[in-house]
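As structure tokens, the structure follows; a few thoughts come after it.
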Amino acid sequence: MTTIIERIAALKPEEPFFSFEFFPPKTDSGVQNLVARLRRMAQLNPLFVNITWGAGGSTVSKSLDLATLCTAELGLTTCLHLTCTNMEKSIIDEALSKAKQHGIRNILALRGDPPRGEEYWTPPESQEFMYAVDLVRYIREQYGDYFCIGVAAYPEGYADGSNPEAKDPKIDLPYLIEKTAAGADFIMTQLFFDTDKFLAFEKMLREHESGIFETIPIIPGLLPINTFQSFIRTAKLSHAHLPDNILEKIDSVPSTDDEQVKQVGVEILVEMIDRIYNETHHRVRGFHFYTLNLERSVALILDKSNVVKTPLRLKVVSQGTEKKIEKPISIESVLSDGVKDVKITEKVAVAVPASEVSMTSEASWDDFPNGRWGDPRSPAYGEIDGYGITLHVPAKRALELWGSPETTADISELFVQYLKGTLPVLPWSEEEGLSPETKLIEADLIRLNKLGLWTVASQPAVNGVRSDDKIFGWGPRNGYVFQKALIEFFVPENRWFTLKEKLQIGDSVSYYAGNCRGDFFSNMNANDVNAVTWGVFPNREVVQPTIIEEQSFKAWSEEAFAVWKEWQRLYPRASKTSNLINTIHESYYLVSIIHHDYVNTNALWNFLQL
């Protein structure tokens, strides 16, 4: 396989290109659907694709498998992410060896998350990999020029977590120089929405007195806007500045209407690409899309952009079209002559826009990921969390917020403070504060948490509110949305078995329960599915953006318990807090309860009168 640099060199001068990024899905069905999605998106002809590497190597086998599939089966030039901080050297060696074995010739060398806590274990032999530059040097020493190596850059400056507001790309510049000098072949940026800041950043690099950035490809990372919620959440997690003009455009449509938000998002990205390409005088001609494993927004951007517009594709259809050409004809001729229908032997090929490749029901069935957990069959299930387990706040900030709890009563108090709004985040919360719908059941949640049932997810019942409702609305206009009440919480093992007896009575509730050891209980069959959020819209089938079933619960349970271990790592091993969190991790159950009477909004909370 060729390298990214070889592929760029083979392009015409100033010819634009684009690339996609994917992460390994959490569920088996998500993997299967991503493979189908990759086959469709491969038809859009990206220059290369990136496959992410979960924090701490948490997705190492899945990442390698996915990268191998892209290379061997789909024939795509593939770039594998590789992080090094707090990583065993043997894992890095194995990943590089397998990458070479399977023909993967491109690596994005990243530092990864720094160690947490004063006694966070680091294998002695991996201490040589403290920064991305160490990984770049190591790859060059071990493999010479076999791998094409990319490194990360931050147009707005790197947010180190302790003080994310004090970002300055000039502070980061010496490190980027060091990584480039060590052997980087291209630079890829973190996502951003402030085009002015990227243009200033690119200009600073090109004009640097060392000349080291004069010709190196600088590829901006762009995030398609799929929904309002994911847009705001991702911008916050990445500390990306949101310019007023972009916020005004987003605010011009209802935040609950995913389709309108998506269309505005397409316009924003098209404008960003146009400005970057033209205002850098075509020095920047590659554009990298963080797809979040979704496809439709990307395809629409490629259709509407005059810079990275994909060529029309030919699809074969039956005869009977208005215009036919008897002799064979090239795609280029079809495009230049404006011919729509071309006869090829016994069938007719029709030129279609690239987005039509991604407008089938198979491509857009998970277009509405607004549900509390999404659909586990979707490749995008988990979205941001697909990149690895995190606490969502820097270690220093986490210690300031959560202190050093020493008893389960202390833990209960943290959950209660969060529900009351006096504590902005918990280890399991992505956003600060409760959502408007959660506030409606705040009193019920506080009661349960005071009893030692620590809630990490919940939603109230809804029986047919309009899709433009300010609290519950989602999806297209003039629709109605529904949802069943549900709750998920951690509970001590002895109390779980008491609760289990109550859950076995009647058929008004469904439940799942599991612990970190893999013990699992449910009153449903393995293939049963619970639709907990759905919508009815004009001219559409019923849309179910959120389902809960065994596979999704097990995937989430594994992640939820891993968060306890991440929290534990903030503290010295022998401390009371570390021992407490470890005991909770080892002895508690995660329980998910769904109440099917969505007409009675109090049904679940009356059931849980413990």
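Every number in this note's numbering is 631 more than the matching position in the sequence shown, counting from 1.
Just so you know, even glycine gets a beta-carbon here, dropped at the ideal spot from N, CA and C.
Just so you know, these numbers come straight off a predicted model, no measurement behind them.
Starting from Met1155 and walking both ways along the beta strand (DSSP E), at which residues does that stretch end?
-> Locating residue 1155 in the sequence shown gives position 524, counting from the first residue. Where Met1155 is concerned, there is no enclosing beta strand (DSSP E), given that its DSSP letter is neither H nor E.
Note the first and the last residue of the continuous beta strand (DSSP E) segment covering Glu840.
-> Counting from 1 along the sequence shown, the entry for residue 840 is found at position 209. Note, Glu840: premise wrong, no beta strand (DSSP E); not H, not E.
Please classify Glu1063: is it buried, with 16 or more other beta-carbons within 10 angstroms of its beta-carbon, or exposed?
-> Counting from 1 along the sequence shown, the entry for residue 1063 is found at position 432. Flag for Glu1063 reads exposed.
Determine, using beta carbons only, whether Pro1067 and Tyr1219 come nearer to each other than 8 Å.
-> Residue 1067 sits at position 436 when you count from the first residue of the sequence shown. Residue 1219 sits at position 588 when you count from the first residue of the sequence shown. No, Cβ-Cβ distance for Pro1067 and Tyr1219 is not below 8 Å.
Hey, Glu1073 and Leu1050: beta-carbon distance below 8 Å or not?
-> Taking the first residue of the sequence shown as 1, we reach residue 1073 at position 442. Taking the first residue of the sequence shown as 1, we reach residue 1050 at position 419. In this structure, Leu1050 lies closer than 8 Å to Glu1073 by Cβ.
In the DSSP assignment, find the beta strand (DSSP E) that holds Gln1175 and state where it starts and stops.
-> Counting from 1 along the sequence shown, the entry for residue 1175 is found at position 544. Where Gln1175 is concerned, the enclosing beta strand (DSSP E) stretches over 1174-1180.
Among Val884, Trp1187, His912, Phe649, nearest to Gly852 - alpha-carbon criterion = Within the sequence shown, residue 852 is the residue found at index 221, counting from 1. If we check each option's Cα against that of Gly852, Phe649 comes out closest.
Just to confirm, are Tyr1111 and Val1167 a CB contact at a threshold of 8 Å?
-> What you label residue 1111 is simply residue 480 of the sequence shown in a count that begins at 1. What you label residue 1167 is simply residue 536 of the sequence shown in a count that begins at 1. Cβ atoms of Tyr1111 and Val1167: closer than 8 Å.
Just curious, the alpha helix (DSSP H) that His1216 is in, first and last residue?
-> Here residue 1216 corresponds to residue number 585 of the sequence shown, with the count starting at 1. Unbroken alpha helix (DSSP H) run through His1216: 1207-1218.
Three-state class that DSSP yields for Val1160 in the structure shown | The residue you call residue 1160 lines up with position 529 of the sequence shown. Here Val1160 sits in strand by DSSP.
Beta-carbon contacts of Trp1195 that lie in its chain and below 7 Å, excluding the five residues immediately before and after | Start at 1 with the first residue of the sequence shown, and residue 1195 comes out as number 564. Answer for Trp1195: Ile1212, Ile1215, His1216, listed in chain order.
Start and end of the alpha helix (DSSP H) containing Met903?
-> Numbered from 1 along the sequence shown, position 272 holds the residue referred to as residue 903. Unbroken alpha helix (DSSP H) run through Met903: 889-910.
Could you give the uninterrupted runs of the beta strand (DSSP E) lying entirely in the stretch 842-879, keeping only those of 3 residues or more?
-> 849-853
Go through its chain and collect everything with a Cβ distance to Leu678's Cβ below 6 Å, but skip five positions before and after it.
-> Counting from one through the sequence shown, the residue named residue 678 turns up at place 47. The residues are Arg638, Phe648, Ser650.
Of the residues Ser1139, Thr1164, Ser841, Thr1038, which one's Cα is nearest the Cα of Ser1089?
-> If you number the sequence shown from 1, residue 1089 lands on position 458. For the residues Ser1139, Thr1164, Ser841, Thr1038, the minimum Cα distance to Ser1089 belongs to Thr1164.
Use the C-beta contact count for Asp1159: other C-beta atoms within 10 angstroms, 16 or more gives buried, fewer gives exposed.
-> To locate residue 1159, count along the sequence shown from 1; it is residue 528. The residue is exposed, with fewer than 16 neighbouring Cβ atoms inside 10 Å.
Could you pull out every residue in the same chain whose Cβ sits closer than 6 Å to the Cβ of Ile1179, ignoring the five residues on either side in sequence?
-> Here residue 1179 refers to the residue found at position 548 when the sequence shown is read from its first residue. If we look at Ile1179 and ignore the five residues flanking it on each side, its Cβ neighbours are Asn1161, Val1163.
So what does DSSP say about Gln1135, is it helix, strand or coil?
-> As a first step, residue 1135 must be located in the sequence shown, where it is residue number 504. Note: Gln1135 maps to coil in three-state DSSP.
Between which two residues does the beta strand (DSSP E) harbouring Val1140 extend?
-> Stepping through the sequence shown from its first residue, residue 1140 is reached at position 509. Residues 1140-1145.
Status (buried if at least 16 other CB within 10 Å, exposed otherwise) for Phe844 = Position 213 of the sequence shown, counted from the start, is the residue given in the question as residue 844. Its Cβ being crowded by 16 or more others within 10 Å, Phe844 is buried.
Would Thr708 pass as a contact of Leu741 if the rule is Cβ separation under 8 Å?
-> Locating residue 708 in the sequence shown gives position 77, where the first residue counts as 1. Locating residue 741 in the sequence shown gives position 110, where the first residue counts as 1. No, the Cβ-Cβ distance between Thr708 and Leu741 is not below 8 Å.
Taking the C-alpha atoms as reference points, what is the distance between Ala1144 and Glu1190?
-> Start at 1 with the first residue of the sequence shown, and residue 1144 comes out as number 513. Start at 1 with the first residue of the sequence shown, and residue 1190 comes out as number 559. Distance between the alpha carbons of Ala1144 and Glu1190 is about 14 Å.
Rounded Cβ spacing between Ile907 and Phe823 (contact assumed at less than 8 Å) = As a working mapping, residue 907 is identified with position 276 in the sequence shown. As a working mapping, residue 823 is identified with position 192 in the sequence shown. So it is not a contact: roughly 10 Å between Cβ atoms.
Determine the direct distance from the alpha carbon of Leu665 to that of Met819, and round the result to whole angstroms.
-> Indexing the sequence shown from 1 puts residue 819 at position 188. Indexing the sequence shown from 1 puts residue 665 at position 34. Answer to the nearest angstrom: the Cα atoms are 24 Å apart.
Beta-carbon proximity check, Thr716 vs Gly743, cutoff 8 Å | Indexing the sequence shown from 1 puts residue 716 at position 85. Indexing the sequence shown from 1 puts residue 743 at position 112. Result yes, Cβ atoms of Thr716 and Gly743 sit closer than 8 Å.
Within its chain, find whatever has a CB closer than 8 Å to the CB of Glu1037; leave out the 5 residues flanking it on each side and keep chain order.
-> Here the question's residue 1037 lines up with position 406 in the sequence shown. For Glu1037, where only same-chain residues beyond five positions count, the Cβ hits under 8 Å are Lys1207, Thr1208, Leu1211.
Per DSSP, Ile1225 forms a beta bridge with which residues?
-> Indexing the sequence shown from 1 puts residue 1225 at position 594. The partner list for Ile1225 (beta bridge, DSSP) reads Leu1117, Ser1141.
Beta-ladder partner(s) of Cys779, from DSSP | Along the sequence shown, read from residue 1 onward, the residue named residue 779 stands at position 148. DSSP output for Cys779 lists Asn737 as bridge partner(s).
Determine the extent of the beta strand (DSSP E) in which Asn1094 is found, giving its start and end residues.
-> Your numbering for residue 1094 matches position 463 in the sequence shown. Segment 1093-1097, the beta strand (DSSP E) holding Asn1094.
Local conformation of Ile818 per DSSP, three classes | Position 187 of the sequence shown, counting from 1, holds the residue named residue 818. Three-state DSSP puts Ile818 in a strand.
Lys657 versus Gly842: straight-line alpha-carbon distance, rounded = As a working note, residue 657 is residue 26 in the sequence shown. As a working note, residue 842 is residue 211 in the sequence shown. Straight-line Cα distance between these residues: approximately 43 Å.
Pick from Leu1030, Phe817, Cys710, Tyr789: whose alpha carbon is nearest that of His733?
-> Here residue 733 refers to the residue found at position 102 when the sequence shown is read from its first residue. The shortest C-alpha separation from His733 is found at Cys710.
Count the other CB atoms, across all protein chains shown, that sit within 10 Å of the CB of Gln1240; report buried if there are 16 or more and exposed otherwise.
-> Looking up residue 1240 in the sequence shown gives position 609. By the neighbour-count rule (16 or more Cβ atoms within 10 Å), Gln1240 is not buried but exposed.
Among Leu933, His912, His913, nearest to Thr922 - alpha-carbon criterion | Stepping through the sequence shown from its first residue, residue 922 is reached at position 291. Comparing Cα-Cα distances from Thr922 to each of Leu933, His912, His913, the minimum goes to Leu933.
Out of Ile808, Thr865, Pro855, which has the shortest C-alpha to C-alpha gap to Glu838?
-> Working through the sequence shown from its first residue, we reach residue 838 at position 207. The option with the nearest alpha carbon to Glu838 is Ile808.
For Cys710, which beta-bridge partners are listed by DSSP?
-> Numbered from its first residue, the sequence shown carries residue 710 at position 79. In the DSSP output, where bridge partners are listed per residue, Cys710 has Asn681, Asn737.
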